Amino acid sequence: MDYIQDNLDEINRKITAAAAKAGRKPAEITLVGVTKTIDAIRIKKMVDCGVRNLGENKVQEILEKHPLIKDVDWHMIGHLQTNKVKYIIDKVTMIHSIDSVKLAEEVSKRAVQIDKRIDILIEINIANESSKYGIQQEKAEEMALELSRLDGIRVCGLMCIAPFVENSELNRPYFKNMRQLFIDIKSKMHNNINMQHLSMGMTNDYDVAIEEGATIVRIGTGIFAERVYNL
Ligand SMILES: *Cc1c(COP(=O)(O)O)cnc(C)c1O
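Anchor point for the sequence shown: position 144 equals 152 in the numbering used here, and the numbering is continuous, going up by one each time.
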């Protein structure tokens, strides 16, 4: 499983290079290792290599893996149904995929019940893809304001899943839009809205996302795929 360390070395090099290009420090960027479909042995290997933030997109996988992997922070990054919030509320540090007031209200209620305050991001469907969850960018500020009134949650920023592309440059305009939206909301300094995080960038486009201001990148394939070398 040495390839996991090799892949992470490569990713860290790319993060450092992209940050430098944008005049940013690599320490401003958090790598969330996406562990969906990955077994506990390989996840532990990644954790041993220093990745302490883990991302899952299914409630069931968090429930299975949470007891097996110690000393890490779990991020819920996939679509979350309101009736499943209760299963993960005590297990996750951040929910990236808040896309309705109803969902946020449930998270708030459950968090208050266990005396917790949970970090949430609002998911934006930045390319208006019908196949994707998330709200329209025009509705982001209004939603942030509504959520800022809820106890038990902290509105910390925005998240998007950009279109799947081979050439990461194609997603640059979407990342630019995300950053502008982020700055617009942040600059108004609303009470209880603490815009700190832009969760954007995956295996195929995290370099460009960082150049455009990502503070969290979510990478799965780039860490766990064994590369096939041509002989
Ligand atoms: C799977 C997934 C990722 C990671 O995708 P890769 O292309 O494997 O890096 C990131 N974010 C979300 C929401 C995902 O579901």
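Heads up, the beta-carbon is just placed ideally off N, CA and C, and yes, glycines get one too. In this text, all values refer to a predicted model and were calculated from it rather than measured experimentally.
When DSSP labels each residue in this structure, what does residue i get in the three-state scheme?
{"i": "Asp81", "result": "strand"}
{"i": "Leu155", "result": "helix"}
{"i": "Ser105", "result": "strand"}
{"i": "Asp127", "result": "strand"}
{"i": "Asn65", "result": "coil"}
{"i": "Ser138", "result": "coil"}
{"i": "Gln144", "result": "coil"}
{"i": "Arg226", "result": "strand"}
{"i": "Asn202", "result": "strand"}
{"i": "Ile132", "result": "strand"}
{"i": "Thr211", "result": "coil"}
{"i": "Thr45", "result": "coil"}
{"i": "Val115", "result": "helix"}
{"i": "Val173", "result": "coil"}
{"i": "Val120", "result": "helix"}
{"i": "Val216", "result": "helix"}
{"i": "Leu178", "result": "helix"}
{"i": "Leu88", "result": "coil"}
{"i": "Leu76", "result": "coil"}
In the DSSP assignment, the beta strand (DSSP E) including residue i goes from what residue to what residue?
{"i": "Val163", "result": "Ile161 to Cys168"}
{"i": "Met197", "result": "Here Met197 belongs to no beta strand (DSSP E), and DSSP marks it neither H nor E."}
Taking just the CA atoms, how far does residue j sit from residue i?
{"i": "Thr43", "j": "Met208", "result": "17 Å"}
{"i": "Lys184", "j": "Lys53", "result": "34 Å"}
{"i": "Met151", "j": "Ile49", "result": "40 Å"}
{"i": "Arg118", "j": "Gly228", "result": "29 Å"}
{"i": "Lys124", "j": "Val93", "result": "14 Å"}
{"i": "Thr223", "j": "Ile122", "result": "28 Å"}
{"i": "Phe232", "j": "Ile103", "result": "23 Å"}
{"i": "Ile126", "j": "Arg21", "result": "31 Å"}
{"i": "Asn15", "j": "Ala25", "result": "15 Å"}
{"i": "Leu71", "j": "Asn65", "result": "11 Å"}
{"i": "Lys78", "j": "Asp56", "result": "11 Å"}
{"i": "Asp10", "j": "Asp17", "result": "11 Å"}
{"i": "Leu206", "j": "Ile46", "result": "25 Å"}
{"i": "Asn136", "j": "Leu111", "result": "20 Å"}
In chain order, what residues of the same chain have a beta carbon less than 8 Å from the beta carbon of residue i, not counting five sequence neighbours either side?
{"i": "Ile132", "result": "Gly142, Ile143, Gln144, Gln145, Ala148, Leu166, Met167, Cys168, Met186 and Leu189"}
{"i": "Ile37", "result": "Ile23, Ala27, Ile218, Ala222, Thr223, Ile224 and Val225"}
What does a CB cutoff of less than 6 Å around residue i pick up in its chain, not counting 5 residues either side in sequence?
{"i": "Val100", "result": "Trp82 and Met84"}
{"i": "Gln204", "result": "Cys164 and Gly165"}
{"i": "Glu114", "result": "Thr90 and Val93"}
{"i": "Ile201", "result": "Ala152, Ser156 and Val163"}
{"i": "Leu62", "result": "Gly41, Thr43, Val80 and Trp82"}
{"i": "Gln13", "result": "Cys57"}
By the DSSP assignment, the alpha helix (DSSP H) with residue i in it spans what residues?
{"i": "Thr229", "result": "Thr229 to Phe232"}
{"i": "Leu16", "result": "Asp10 to Lys29"}
{"i": "Ser55", "result": "Correcting the residue identity first, residue 55 is Val in this sequence and not Ser. Ala48 to Asp56 is the span of the alpha helix (DSSP H), which, as asked, contains Val55."}
{"i": "Ile93", "result": "The question names Ile, but residue 93 is Val in the sequence shown. Val93 to Ile96 is the span of the alpha helix (DSSP H), which, as asked, contains Val93."}
Among residues of its own chain, excluding the 5 on either side of residue i, which ones have a beta-carbon nearer than 7 Å to its beta-carbon?
{"i": "Val173", "result": "Asn179, Asn212 and Asp213"}
{"i": "Leu76", "result": "Ala48"}
{"i": "Asn199", "result": "Ser156"}
{"i": "Ser176", "result": "Asn212, Asp213, Asp215 and Val216"}
Residue i CB to nearest chain C CB: under 7 Å?
{"i": "Gly63", "result": "Although the question refers to chain C, the structure presented lacks it and comprises just one protein chain."}
Apply the 10 Å Cβ neighbour rule to residue i and answer buried if 16 or more other Cβ atoms are within range, or exposed otherwise.
{"i": "Ile51", "result": "buried"}
{"i": "Asp215", "result": "buried"}
{"i": "Tyr182", "result": "buried"}
{"i": "Ser105", "result": "buried"}
{"i": "Gly58", "result": "exposed"}
{"i": "Ile191", "result": "exposed"}
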